[in-house]
Amino acid sequence: MHCSRFRFSSCMNLPLPVAAALLAVAALSGCQSKPEPAPPEPPVPVLTRAVQSQQQTRTIAVSGALEADKTVDVGFLIGGRVSRVNVEEGGPVRAGQVLASLDAGSYQFALSAANATLARAQDEYGRLKLMYDRGSLTPSDLEAAATAVAQARAQQQQAAKNVRDGQVRAPISGRLARRGTDPGEIIGPGTPLFTIVSGGPLTMRAAVPEAEVGALRPGLPARVIVPALDSAFTGRVESIGTVADAASRTYAVKITLPNPGNRLRPGMVAEASLATTGTAQVLAVPGEAIVRDADQLTYVYVADAQRKRAYRQRVQVGDVTGQGIQITSGLRAGQLVVIGGQQRLRDGAAITLTSSAR
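When the letters of the sequence shown are read in order and numbered with mature numbering (1 follows the signal peptide of the UniProt record, and there is no 0), they come out as residues -20 to -1, 1 to 338.
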């Protein structure tokens, strides 16, 4: 301890109270110690893995909507008043099932009249045939009677068909997508009243640019993600259009998807990754390396082995593969990414490499 601004001898010449105060101030200023720096943060032990460059099948990303393999609109072939509807929208139907019926009273009367007319025409033809066989009737008269029978039979067949057409039946099995009538409604012939979509596999239709369509072949696999179900499905390319759309210069591609449990429904939006006949070098990292922030942006921590520090690096991710998550930008092959211990890291944090996973 020392008095830097006042010599002790000078202090002695001052009055006692003043000298004591000055000496106390000098002592305090000389004895204050400088604040000690904060100790460095201990390094964080981390596990790392090198970014791998892999050769993978090149894929094409497309989007589209799911469609039923068959969609059929049906209605009555004749007009009348609806007497009964046997199905509900969204329910299952089977081929041949009666969906709805008309009040067939007037058509039944017409059939009865046609049956009677046919019977009379047949009786008349039989009587005239006997006369013709005895030579008492000209051939033209017998021919006229035969024509009358044919006309009566045609009318009877049409009347019978009208009675049958008083019921509308499902032409295919599947589900009823739309019900457009109720009992009591008067409808006209040919009005579409029901829409049926086939069950089983669904199809996805997508547009592929002409620059990429040459790498596709029927039968190649497709990985299809349906956001509404938050699930992925495996399908196959069924067909590729032969003529490009004049406006977009794209080709229509049809992808077939199995539908176990009928989870998939027509109209759902889907995103597909189509395998091609080509290959490409891609970078991949383990899923554990990916970190997402509050904005759902993706990062990894890159380990600098020489500086013994980890730096946060923004990356763009692609498809999930058997070797990890594809990185489309932000990394280079050979860089070390942290796959264990990153929860304790911040950008530029000191690290200790415990080991490198293979």
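A virtual CB, placed ideally from N, CA and C, is assigned to each residue, including glycine.
| Asked | Found |
| --- | --- |
| Run the CB neighbour count on A48, radius 10 Å, all protein chains shown included, and call it buried at 16 or more, exposed below. | buried |
| Assuming the contact rule is C-beta atoms closer than 8 Å, I235 and A252 should be a hit. Round their C-beta distance to whole Å, please. | 6 Å |
| Thinking C-beta only, is S81 closer than 7 Å to Q147? | yes |
| How long is the line joining the alpha carbons of S116 and A128, rounded to whole angstroms? | 20 Å |
| Just to check my reading of the structure: G154 and L173 have Cβ atoms closer than 8 Å, yes? What is that Cβ distance to the nearest angstrom? | Going by Cβ atoms, the distance from G154 to L173 rounds to 16 Å, so no, they are not a contact pair. |
| Return the first residue and the last residue of the alpha helix (DSSP H) that K109 is part of. | 85 to 113 |
| By alpha-carbon positions, which one of R245, P189, V31 ends up nearest to A226? | P189 |
| Go ahead and label G60 buried or exposed: buried means 16 or more other beta carbons lie within 10 angstroms of its beta carbon, across all protein chains shown. | buried |
| Considering only heavy atoms of the ligand GTP, does any lie closer than 6 Å to the CB of M248? | As far as ligands go, the structure on display features none, and thus does not contain the ligand GTP. |
| With 16 other CB atoms within 10 Å as the buried threshold, where does Q261 fall? | exposed |
| Looking only at C-alpha atoms, which of S33, V26, P19, P23 sits nearest to G314? | S33 |
| Rank T332, T175, T230, D162 by C-alpha distance to the C-alpha of R287 and give the top, closest one. | T332 |
| Reducing DSSP to helix, strand and coil, say where G60 ends up. | strand |
| What is the DSSP secondary structure of D121, counted as helix, strand or coil? | helix |
| Can you grab the Cα-Cα spacing for the pair T171 / I58, in whole Å? | 9 Å |
| By the DSSP assignment, the beta strand (DSSP E) with V249 in it spans what residues? | 249 to 265 |
| In the DSSP assignment, find the beta strand (DSSP E) that holds residue 358 and state where it starts and stops. | Residue 358 lies beyond the range of the chain shown here (-20 to 338); nothing can be said about it. |
| Counting along the chain, where does the alpha helix (DSSP H) carrying V67 start and finish? | Here V67 belongs to no alpha helix (DSSP H), and DSSP marks it neither H nor E. |
| Count the C-beta pairs between the region 191 to 209 and the region 174 to 182 that are closer than 8 Å, then say yes if the count reaches three, no if not. | no |
| Rounded to whole angstroms, what is the Cα-Cα separation between G258 and R38? | 5 Å |
| Thinking V317 and V271 are a contact (beta carbons under 8 Å), I'd like their distance in whole angstroms, please. | No, V317 and V271 are not in contact; Cβ-Cβ is about 10 Å, not under 8 Å. |
| Express the C-alpha separation of A96 and E68 in angstroms, rounding to a whole number. | 40 Å |
| From Q293 to L254, what does the alpha carbon distance come to, in whole angstroms? | 29 Å |
| Name, in chain order, the residues that DSSP records as bridge partners for Q34. | V262 |
| Which one of T230, A157, I307 has the shortest CA to CA distance from E192? | T230 |
| Which residue marks the beginning of the alpha helix (DSSP H) containing G191, and which one marks its end? | Here residue 191 turns out to be Ala, not Gly, going by the sequence shown. Counting along the chain, the alpha helix (DSSP H) containing A191 begins and ends at 190 to 193. |
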